[in-house]
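Residue numbers (the numbering used here): 79 to 324. Ideal Cβ placement from N, Cα and C applies to all residues, glycine included. Please read all numbers here as calculations on a predicted model, not as lab measurements.
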């Protein structure tokens with residue numbers, strides 16, 4: 079079974095080489111770049127990647143544009159700040175070689191924040207799929223829709239260097255919040271105190287207590303707090319759009 083890797087990039091020069099190196103077990107690596115200004119696309123080409131340039135409009139469209147270029151029977155989607163560990167490489171190759179009844183696998187992503195991996199803040203995201211009628215939907219935190227079939231979660235972690243610091247974390251939350259607010263507004267829903275008060279509180283409670291983020295120490299507390307702020311920002315910005323105050 080051949081494996082293709084798709085990596086969307088924008089100004090990932092600092093991180094890309096390590097990402098490509100960790101994906102070198104694949105048969106091909108495709109970089110879809112949003113016209114980087116730091117030489118990311120030149121670096122990608124020098125590393126042997128197939129480079130596609132496309133102006134960014136949203137995360138789903140970028141990845142959907144790259145899918146037809148993939149020649150592999152399986153596709154692994156990863157970002158420039160992610161690394162596939164040696165153990166995960168072996169697990170991926172084993173699964174795609176022997177799991178004929180599965181259509182896709184979710185990967186585990188512990189966030190990297192304040193110089194440590196938050197293993198109790200590990201998302202499970204569909205990233206490894208058969209190259210059959212697949213498509214991303216959603217402008218931000220896009221979801222990968224796959225052909226009917228069984229799915230599972232792989233055991234080993236992706237090393238995800240998510241946030242370079244508190245201000246980078248907050249900046250990402252602000253950026254995502256505008257996208258999410260736009261999606262909320264398109265659904266013609268009204269922002270209420272439930273969205274502004276309860277949902278941020280529940281996000282903190284879920285991340286810090288239910289998912290045991292407290293075991294990640296101060297970084298776990300800070301991460302849960304900023305997560306809660308991100309939820310609040312999403313609905314606050316949706317209210318601004320709703321009232322034409324953006």
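Q: Output the boundary residues of the beta strand (DSSP E) element that contains residue 215.
A: 213-215
Q) Just how far apart, CA to CA, sit residue 152 and residue 86? A) 17 Å
Q: Tell me where the alpha helix (DSSP H) around residue 305 begins and ends.
A: Residue range 295-320 is occupied by the alpha helix (DSSP H) that includes residue 305.
**Q.** Terminal residues of the alpha helix (DSSP H) in which residue 176 lies
**A.** 164-176
Q.
Quick check: residue 225 and residue 210, are their CB atoms within less than 8 Å of each other?
A. Their beta carbons are under 8 Å apart, which means residue 225 touches residue 210 by this criterion.
Q: Answer with buried or exposed for residue 121, where buried requires no fewer than 16 other C-beta atoms within 10 angstroms of its C-beta.
A: buried
Q) In terms of residues, what are the limits of the beta strand (DSSP E) holding residue 87? A) Looking at the DSSP string, the run of the beta strand (DSSP E) that includes residue 87 is 81-87.
Q. So which of 176, 92, 137, 301 has the shortest CA-CA distance to residue 84?
A. 137
Q) My guess is that residue 81 and residue 154 are in contact by the Cβ rule of under 8 Å, so how many angstroms apart are they, rounded? A) Confirmed, about 6 Å.
Q. Any idea which residues DSSP pairs residue 201 with across the strands?
A. 187
(Q) What residue range does the alpha helix (DSSP H) around residue 282 cover? (A) Its alpha helix (DSSP H) spans residues 277-283.
Q.
Please classify residue 233 as buried or exposed, where buried requires at least 16 neighbouring CB atoms within 10 angstroms.
A. exposed
Q | residue 159, buried or exposed, once every other Cβ within 10 Å from all chains shown has been counted against 16 | A | Buried, because 16 or more other Cβ atoms sit within 10 Å of the Cβ of residue 159.
Q.
I'd like to know if the segment 292-305 and the segment 260-275 are in contact, where contact means that at least 3 CB-CB pairs between them fall below 8 Å.
A. No: the two stretches stay apart, fewer than three of their Cβ pairs being nearer than 8 Å.
Q: Given a cut-off of 8 Å, decide if residue 142 and residue 114 are closer than it, judged by their beta-carbon atoms.
A: At a Cβ-Cβ threshold of 8 Å, residue 114 and residue 142 do not count as neighbours.
(Q) In the DSSP assignment, the beta strand (DSSP E) including residue 157 goes from what residue to what residue? (A) No beta strand (DSSP E) holds residue 157; DSSP gives it neither H nor E.
Q: Please confirm if the segment 247-262 is in contact with the segment 171-184, defined as three or more CB-CB distances below 8 Å between the two stretches.
A: no
Q. What residues in its chain sit with their C-beta under 8 Å from that of residue 101, if we drop five residues either side in the sequence?
A. 83, 85, 107, 154, 156, 162
Q. Can we say the segment 274-283 touches the segment 164-179, given the rule of at least three CB pairs closer than 8 Å?
A. no
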